[in-house]
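The sequence shown maps to residues 155 to 334 in the numbering used here. Glycine included, each C-beta is placed from N, C-alpha and C at the ideal position.
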Amino acid sequence: MCNSGGVEAQPKNAAPALEIRAARVGDVPLILGFIKELAAYEKAEREVTATEAHIRQSLFGEEARARALVCSVDGVEAGFAVYFFNYSTWQGRQGLYLEDLYVSPARRSMGAGKAMLQHLARIAVANDCGRFEWSVLDWNEPAIRFYRSIGAVPMDEWVRYRLTGPALAQFAGMAPPPPA
């Protein structure tokens with residue numbers, strides 16, 4: 155269908171145009187912005203210490219271990235995903251771990267999140283991964299419902315632990331104990 159200017163017009167009920175691509179170095183400011191939006195959504199803004207330099211090095215540096223995708227909806231950058239390959243000793247194969255997936259609120263419910271997950275699933279299959287895993291906050295009910303709807307199952311028997319900052323340095327024997 156064309157409008158009077160000869161430009162192709164979208165039908166009113168047309169699905170949004172989704173594009174998923176590998177992130178590029180020029181996307182670093184965009185990715186950091188999405189990280190900060192995600193942290194705000196998760197009520198954890200103060201936990202973000204990443205800088206553009208950190209993102210550039212970890213995603214595009216000589217020894218980059220993580221990778222990123224950028225998703226656009228109707229030509230507008232809408233979200234991102236960061237992932238890396240891990241390893242399962244039980245399967246004797248690598249897996250794909252999704253560290254973060256985020257879609258801006260104005261672009262949600264348009265299929266971007268599902269499209270990125272499907273894209274990542276294809277990457278996992280193409281790389282002979284035995285697993286595709288991620289974590290979700292226990293209060294994020296919309297995400298939990300969605301993940302269950304695609305066949306993902308929670309791993310309720312596992313509890314995730316983390317060492318960070320001074321506790322990590324102290325445990326590694328590289329920092330003095332905190333003052334009593």
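By a beta-carbon distance limit of 8 Å, alanine 266 contacts valine 227. Their separation comes to about 5 Å.
Secondary structure at arginine 299: helix, using DSSP grouped into helix, strand and coil. If one requires a minimum length of 4 residues, the alpha helix (DSSP H) runs lying completely within the stretch 167–228 are 182–195, 206–214, in chain order.
Here glycine 229 is not near tyrosine 241, since their CB atoms are 8 Å or more apart. Bounds of the alpha helix (DSSP H) holding glycine 319 are 319–325.
Per DSSP, alanine 275 has no beta bridge partner at all.
Put simply, of His273, Val224, Pro259, Phe238 the residue whose alpha carbon is nearest the alpha carbon of proline 296 is Pro259. Under the three-state reduction of DSSP, glycine 233 is assigned to strand.
Taking the CA atoms as reference points, isoleucine 277 sits about 12 Å from glycine 284. Just so you know, the alpha carbons of glycine 187 and alanine 198 end up roughly 14 Å apart.
Separation of proline 320 and threonine 205 (C-alpha to C-alpha, rounded to the nearest whole angstrom) is 20 Å. In this chain, tryptophan 312 is not harboured by any beta strand (DSSP E), its DSSP state being neither H nor E. For proline 183, the CB contacts under 8 Å within the same chain, skipping 5 residues up- and downstream, are Glu206 in chain order. In the DSSP assignment, leucine 255 falls within the unbroken beta strand (DSSP E) covering 247–257.
Out of Tyr237, Val224, Gly215, the CA that lies nearest to the CA of glutamate 173 is found in Val224. Residue burial is scored here from C-beta neighbours: aspartate 292 has fewer than 16 other C-beta atoms within 10 angstroms and is therefore classed as exposed.
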